[in-house]
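Let me begin by presenting the structure, written as structure tokens, before commenting on it.
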Amino acid sequence: MGHKYNDKDGGIDVALKNILAQLSLQAQLQAQSQAQNDTDTDTDTISNVGNPSLNNIGNPVINLNVAVSTGVSGTSTSTFSNFTTIDIPTAQTAIPYPSLINVSGLVGIVTKATVTLHALNSLRPEEYDILLVGPQGQNVYLMASAGGDAVVINQTVTFDDSAATMIPNAGPLVTGTFQPSVYPPTITFPAPAPTPPYSTLLNAFNGTNPNGTWRLFIVDDIDQISSGNVAGGWTLTLTVA
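In this text, residue positions in the sequence shown follow UniProt numbering: the first is 1, and each later residue adds one.
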């Protein structure tokens, strides 16, 4: 299957667009509720709630940081979320491109990173390419040519090096935790994303300073009707020591 990414406006399937619009608000509320439910009674700090900024299309970006003790001496795990919907038009870069999470106040270096996409929707998930870039420029290719061509509705996907498997190349893509799932063919992400080489393991962030802006780049790489979104936004979980 040849990749035909371009920057031209593509057609958007109207029926799917209407469905996605209806799902977006519900998904954002569910994601925010889940983030709150994940906070246990041993929460050390809750900070960085509010202080919204604007992304490049004027959507509000609110980062929620919940830091909890992991029970391992000298380590802590913090969860940062941007619940703004990421729209993914056919054969184009996502809107916004990139989606941002701002991390501040962490002491130590990264020892583990995971990423969760809340309420992923797509007609053809295999067309999605996803790249995470850290504050110091380290990057990880999270997904390419994975998940097959079956419709995906409202699935929550976590990328974790410790997961047992990758998302299957031919699908299906279902809710779960997976290793970064990169199959050929891959792409060079359009600017302002960095150029290759790209890592395919999240441990590329280990040993780095976690504070700063983390950027999530998503591209639909084939000129077919496949528009979708990440209706509930995304979450970055960092363990530092």
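Glycine is no exception: its CB is placed at the ideal position from the N, C-alpha and C atoms. Keep in mind it's a predicted model, so treat the numbers as computed, not measured.
V107: buried (16+ other C-beta within 10 angstroms of its C-beta) or exposed?
Here residue 107 corresponds to residue number 107 of the sequence shown, with the count starting at 1. With fewer than 16 other Cβ atoms within 10 Å, it is exposed.
Can you give the Cα-Cα distance for Q224 and T75, rounded to whole angstroms?
Stepping through the sequence shown from its first residue, residue 224 is reached at position 224. Stepping through the sequence shown from its first residue, residue 75 is reached at position 75. For Q224 and T75, the distance between alpha carbons rounds to 46 Å.
Which of helix, strand or coil does DSSP assign to F189?
For this step, residue 189 is matched to residue 189 along the sequence shown. Coil at F189, not helix or strand.
Counting along the chain, where does the beta strand (DSSP E) carrying M143 start and finish?
Position 143 of the sequence shown holds residue 143. Looking at the DSSP string, the run of the beta strand (DSSP E) that includes M143 is N139 to A144.
Assign L173 to one of three DSSP states: helix, strand, or coil.
One-based indexing of the sequence shown puts residue 173 at position 173. Correct three-state label for L173: coil.
Can you give me the start and stop residues for the beta strand (DSSP E) that Y128 sits inside?
Walking along the sequence shown from the start, residue 128 turns up at place 128. Start and end: Y128 to V133.
Pick out whichever of G233, F159 and G207 has its Cα sitting closest to the Cα of P98.
As a working mapping, residue 98 is identified with position 98 in the sequence shown. The shortest C-alpha separation from P98 is found at G233.
Tell me, please, whether the stretch 215-229 touches the stretch 78-94 by the rule of three or more beta-carbon pairs shorter than 8 Å.
yes
Hey, is the stretch 149-157 in contact with the stretch 174-184, meaning 3+ C-beta pairs nearer than 8 Å?
yes
Cβ neighbours of T237 in the same chain (closer than 6 Å, five flanking residues each side left out):
As a position in the sequence shown, residue 237 is number 237, starting the count at 1. The residues are T79 and T114.
At the level of alpha carbons, what is the spacing between A163 and H118?
Along the sequence shown, one-based indexing puts residue 163 at 163. Along the sequence shown, one-based indexing puts residue 118 at 118. Roughly 18 Å between the two C-alpha positions.
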